[in-house]
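Yeah, the sequence shown ends on 331 if you go by numbering that gives the first Met the number 0, and it's all consecutive.
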Amino acid sequence: MKHTIYSPFDMHIHFRQEEMLRLIAPLSAKTFAGGVIMPNLIPPIDNAEHLLQYQSEIYEAVNGYDFTPFMTLFFRSYSERELLEIKDKIIGIKLYPAGATTNSDAGVKEMSKAEGTFALMEEMGIRLLVHGETHGFVMDREKEFISIYDYLAKKFPRLHIVMEHITTKEAVDFLDRYENVTATVTLQHLLITLDDVIGGYMNPHLFCKPIAKRYEDREALLEAALKAHPKLCFGSDSAPHPIHKKECCGCAAGVFTAPIALQVLTDLFEKNNSLENLQNFVSDNAIKNYSLTKSNKNVTLVKEPFKVPSQYGNVVPMYADGELNWSILSVQ
Ligand code: NCD
Ligand code: ZN
Ligand code: ZN
């Protein structure tokens with residue numbers, strides 16, 4: 000049995016820098032036609048010069064693959080002049096509440112102080128991507144942030160707001176409330192709950208922000224993905240950390256899924272009799288929601304076992320050493 004996906008896009012990826020970038024970027028570029036590159040580097044990407052420098056490093060790292068990196072800028076207060084200079088080079092600006100996740104210390108401390116920039120972004124048609132978590136109890140952070148999404152969506156009705164890596168039923172329900180709100184969802188949040196992270200022996204390789212939630216949350220996310228809800232796009236949030244930063248005290252947040260994402264998604268959609276909706280979920284919805292151009296890159300998968308390596312370099316992937324039901328047959 001075979002299945003072809005046309006022009007798959009990953010709308011949320013971490014490529015990192017230097018050696019890690021050179022290891023990781025080709026693994027996405029091999030099978031994806033393009034992806035949204037997150038700006039949470041140290042220092043964060045918050046000016047045009049740094050952004051263009053990073054983009055050229057990415058092109059060098061994915062050399063030989065047909066892959067479009069959609070660049071993002073790290074949110075801070077920007078002037079009109081700065082935004083005008085950069086708006087055609089980015090797919091959006093990514094807002095992190097300060098301290099909410101990996102490399103987010105330079106994030107926003109007070110939303111009210113960001114309103115001037117939101118207004119400029121709305122005026123210029125620059126998208127706002129958001130890591131939507133408060134600093135409340137870890138299981139409730141996303142749910143609590145919904146009121147902030149609500150205020151933003153209402154106050155800036157022409158600002159396209161993307162709720163990144165949603166993990167709750169509340170976020171799924173919120174998708175239908177405002178025209179200007181869409182979302183991404185990761186691979187792991189369609190598959191795991193908090194039980195898989197800490198219910199038995201703790202699994203640091205499944206620890207990410209936002210943390211995996213309850214069964215009813217996973218069900219709501221899965222249902223929306225399987226029917227390819229038009230406002231929901233695949234964004235792996237593939238977030239590599241070296242093994243010594245995961246298997247240690249003070250484990251870094253992030254699950255590494257880039258090289259297994261399409262194989263696992265195909266299996267998941269097939270098992271749930273929804274294979275016909277996978278194309279919308281990993282490509283067409285993104286093309287519509289972000290006004291992208293379809294690429295000519297097509298990936299054919301075959302229902303033959305794929306043994307997941309224990310590591311890619313110094314990074315442990317999700318399902319390390321496991322066997323997947325689908326493999327990549329060819330990329331054209
Ligand atoms: C991401 C990372 O490692 O950069 N980690 C994560 O747990 N998701 C940051 C993020 O997307 O929040
Ligand atoms: Zn995030
Ligand atoms: Zn992320």
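A virtual CB, placed ideally from N, CA and C, is assigned to each residue, including glycine. Here the structure is a predicted model, which is why all the values come from computation and not from measurement.
Simplified DSSP state of residue i, which is helix, strand or coil
i: Glu222; result: helix
i: Lys86; result: helix
i: Tyr5; result: strand
i: Lys230; result: coil
i: Ala265; result: In the sequence as displayed, the identity of residue 265 is Thr instead of Ala. Here Thr265 sits in helix by DSSP.
i: Ser237; result: strand
i: His243; result: helix
i: Ser146; result: helix
i: Thr181; result: strand
i: Ser282; result: helix
i: Thr67; result: strand
i: Gly115; result: helix
i: Glu109; result: coil
i: Ser343; result: Here the chain comprises residues numbered 0 to 331, so residue 343 is not present and cannot be evaluated.
i: Glu322; result: strand
i: His49; result: helix
i: Pro96; result: strand
i: Met120; result: helix
i: Ile125; result: coil
Identity of the residue in the options nearest residue i by Cα
i: Glu141; options: Cys250, Lys208, Leu94; result: Lys208
i: Gly321; options: Phe305, Tyr311, Gln331; result: Phe305
i: Gly33; options: Thr166, Asp9, Ala227, Gln331; result: Asp9
i: Leu20; options: Met37, Ile57, Tyr77; result: Ile57
i: Thr265; options: Ser294, Ile242, Thr292, Ile327; result: Ile327
i: Thr185; options: Leu174, Asp194, Met162; result: Met162
i: Pro38; options: Leu220, Phe31, Phe14, Ile286; result: Phe14
i: Leu225; options: Lys270, Ile4, Arg75, Lys153; result: Lys270
i: Arg337; options: Gly91, Thr192, Thr3; result: The requested residue 337 does not occur in the structure, where the chain is confined to residues 0 to 331.
i: Glu222; options: Phe136, Asn272, Pro156; result: Asn272
i: Ser282; options: Thr133, Leu26, Tyr53, Phe233; result: Phe233
i: Ala238; options: Phe73, Met0, Ile23; result: Ile23
i: His49; options: Lys88, Ser27, Lys29; result: Lys88
i: Thr181; options: Pro258, Pro156, Ile191; result: Pro156
i: Phe31; options: Ile44, Ile41, Val61, Val301; result: Val61
i: His130; options: Ala97, Ala152, Pro42; result: Ala97
i: Asn102; options: Ala113, Asn202, Leu300, Ala251; result: Ala251
i: Lys302; options: Lys296, Trp325, Asn313; result: Trp325
i: Ala105; options: Ile85, Lys112, Phe73; result: Phe73
i: Leu94; options: Glu218, Glu59, Leu151; result: Leu151
i: Thr192; options: Leu174, Glu143, Thr166, Arg176; result: Thr166
i: Asn202; options: Leu174, Gly253, Ala170, Tyr214; result: Gly253
i: Tyr214; options: Lys168, Glu59, Ser294, Glu178; result: Lys168
i: Ser235; options: Gly312, Met110, Phe136, His164; result: His164
i: Phe144; options: Lys154, Phe173, Ala118, Thr116; result: Phe173
i: Ala118; options: Ile147, Lys154, Leu277; result: Lys154
i: Gly336; options: Pro25, Ser76, Lys108; result: With the chain covering only 0 through 331, there is no way to say anything about residue 336.
i: Asp139; options: Asp194, Ile210, Glu109; result: Ile210
i: His240; options: His204, Lys230, Lys108; result: His204
i: Val330; options: Ser294, Ser309, Glu59; result: Ser294
Residue i beta carbon near ligand 5 (any heavy atom closer than 7 angstroms)
i: Asp172; result: Looking at this structure, you won't find ligand 5 anywhere; what it does contain is ligand 1, ligand 2 and ligand 3.
Presumed contact (8 angstroms Cβ cut-off) between residue i and residue j, rounded CB distance
i: Leu158; j: Met123; result: The Cβ separation is near 10 angstroms, so there is no contact.
i: Asp267; j: Leu189; result: The sequence shown places Leu at residue 267, rather than the Asp named in the question. Contact flag correct, Cβ pair sits at about 6 angstroms.
i: Val298; j: Pro7; result: 6 angstroms
i: Leu300; j: Lys1; result: 7 angstroms
i: Gln187; j: Thr100; result: Not really, about 15 angstroms apart at Cβ, beyond 8 angstroms.
i: Leu51; j: Gln16; result: In fact, because the Cβ distance is near 15 angstroms, the residues do not count as touching under 8 angstroms.
i: Lys29; j: Tyr53; result: With 8 angstroms as the limit, Lys29 and Tyr53 do not qualify as a contact, their Cβ atoms being about 20 angstroms apart.
Residue i classed as buried or exposed, judged by whether at least 16 other C-beta atoms fall within 10 angstroms
i: Met70; result: buried
i: Ser55; result: exposed
i: Asn279; result: buried
i: Leu83; result: exposed
i: Lys212; result: buried
i: Met317; result: buried
i: Arg217; result: buried
i: Tyr200; result: exposed
i: Asn288; result: buried
i: His134; result: exposed
i: Pro42; result: exposed
i: Lys296; result: buried
i: Val137; result: exposed
i: Lys245; result: buried
i: Thr292; result: exposed
i: His243; result: exposed
i: Pro258; result: buried
i: Glu18; result: exposed
Taking only runs that begin and end inside the region 159 to 212, name each unbroken alpha helix (DSSP H) of 4 or more residues, in chain order. Listed in chain order, the alpha helix (DSSP H) runs fully inside the region 159 to 212 are 168 to 173, 187 to 190, counting runs of at least 4 residues.
Which runs of the beta strand (DSSP E) fall wholly inside the region 13 to 45 and span at least 3 residues, in chain order? Listed in chain order, the complete beta strand (DSSP E) runs (minimum 3 residues) inside the region 13 to 45 are 33 to 36.
Fully enclosed by the region 285 to 320, which beta strand (DSSP E) runs are 3 residues long or longer? Listed in chain order, they are 297 to 301.
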